[in-house]
Amino acid sequence: MLKKWGMSCVLLVLLAGCFPITPEEEDQILEETDENQDEQVVEVVPQIITPDNYYQSVLYDGAYKHGESRGFGNSVVYNRLDLGQLEIGLTRIAQEYFDQENFFFREGQFIKRNTLNSWLMRYDEEDNPQGLNPALGEGGTMKEREENQPRYLSHILEHNYLVESENGQLNLGGIVIGLSMNSVYNFRVEDDQGRYNFYELPIPDDVIEREGQEIANEILARLRSDAMEEGAFQDVPIVFALFREQPRESVIPGHFIARSKAEPRSDLDRWQRINERYYLFPSSEANQEARNEADQFQRFKDDVQSFFDTFIGVVGKARYVDNQIQELQIEIPLRFQGKAEIVALSQYVASQIQQRFQGNYKVSVTITSVSGNTESIVVQNPNDEPFIHVFD
């Protein structure tokens, strides 16, 4: 649902260095002097109650502070669906450890871009001793060497969570690290004629989990070392989550498979499995393993099809946790005919959502034109009436 964001009741604090952050009175005017040129006004975006229950973000001088890895994921994660699910899914993982009432969100600031790049590369004793992916394996050909030691780690995503202390300071209260792991290793090898041959190697799930846990232990040791922010993270809880990417051609995103928390000055606790996955509607897999929702979707699709005299493709993506559906996203692409038709279809879709999908989960429908533009959205949150917005 679209909401207007007011900026009333904003918490104003004064940043001195990286952290902690010292608050100032709301009506105090900051004056630049030689002694406080680096001071920043920090605002916590006011809380807006939504079914998704997002974290409040922290603004610096009225602007959102991007993470050190901004844009980096586009270069290392091939599937955009994977990257989006990694980012938003990591905040859901955080909610298991840092409640939204007391913690504020900020993109990761501590794993610097150059450091991230070196960590993601292969280990090399001389050229890149910080590499977290293994060195090339043994073999008579480069193809064999790549296959014997694939790159397991695709991306590292860091999130920071700030908490207000008793004396009114905002301190770093926790770090969450997402490790995006390859389920298929794609690589290329140059032949004698200078041409590239492309290969892919599936990686078993147990190997993904084993390698991911070993990498998490190594990253934890590096973050807790005295060389990282002078040992400041030794007293900060750090959470790790393993994300399994989908193959490049997949039309559904990957999912998280495990998580673990390291308490201050402690190692990672026992890893907890995450039973999360996505289904595409319609598909034979959904028909077999998510029969109830697959039947509901098919009836909805037939309803939409009856609205037109030509065939319209309707596709859905559903997220499941512990075998229970959490959210269903539907897309209806059509040839744009006019706003009146868009309004009529949106109204019809809203009515059919209420009839066909009866459950405690969110259903959202996006109606797009042949050019890819979004024409309207219809959203039904649990226990709410559908919401319609038609774009001008």
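If you count by mature numbering (1 follows the signal peptide of the UniProt record, and there is no 0), then the sequence shown holds residues -23 to -1, 1 to 369, one letter each, in order.
Don't be surprised by glycine CBs; every beta carbon is placed ideally from N, CA and C.
Please read these numbers as outputs of a predicted model, since none were measured by experiment.
Check, Outcome
"Alpha helix (DSSP H) segments (min. 4 residues) lying fully within the segment 42 to 114", "50 to 53, 57 to 71, 90 to 97"
"DSSP three-state assignment for residue 250, whether helix, strand or coil", "strand"
"Residue(s) in a DSSP beta bridge with residue 315", "According to DSSP, which records beta bridges pairwise, residue 315 is partnered with nothing at all."
"Under the three-state DSSP convention, the category residue 12 falls into", "In this predicted model, residue 12 has a pLDDT of only 37, less than 50, meaning its place in the structure is not dependable enough to derive any value."
"Contact the segment 169 to 180 vs the segment 232 to 241: 3+ CB pairs below 8 Å", "no"
"Given 8 Å, three or more beta-carbon pairs between the segment 209 to 224 and the segment 239 to 253", "yes"
"Span of the alpha helix (DSSP H), counted from its first residue to its last, around residue 282", "268 to 283"
"Contacting residues, own chain, Cβ-Cβ under 6 Å from residue 299 (five flanking each side not counted)", "252"
"Beta-carbon spacing of residue 154, residue 213 below 8 Å", "no"
"Buried or exposed (CB count within 10 angstroms, at least 16 for buried), residue 128", "buried"
"Residue burial classification, residue 246 (beta-carbon count within 10 angstroms, cutoff 16)", "exposed"
"Residue 77 versus residue 113: straight-line alpha-carbon distance, rounded", "43 Å"
"Cα-Cα separation, residue 288 to residue 312", "11 Å"
"DSSP-derived helix/strand/coil call for residue 325", "helix"
"Rounded separation between residue 307 and residue 354 - CA only", "10 Å"
"Residues near residue 195 by beta carbon distance below 8 Å, same chain, minus five either side", "109"
"Pairwise C-alpha distance: residue 179 and residue 122", "15 Å"
"Same chain, Cβ closer than 6 Å to residue 339, five either side skipped, listed in chain order", "304, 358"
"Selection from 59, 57, 64, 55 that minimises the alpha carbon distance to residue 134", "64"
"Local conformation of residue 145 per DSSP, three classes", "coil"
"Collapsed DSSP secondary structure at residue 365 in the structure displayed", "strand"
"Residue 370 (DSSP reduced to helix, strand or coil)", "A query on residue 370 cannot be resolved here, the shown segment of the chain reaching from -23 to 369 and no further."
"For residue 185, the three-state DSSP class (helix, strand or coil)", "helix"
"Beta-carbon proximity of residue 215 to residue 156, cut-off 8 Å", "no"
"DSSP state of residue 260 mapped onto helix, strand, coil", "coil"
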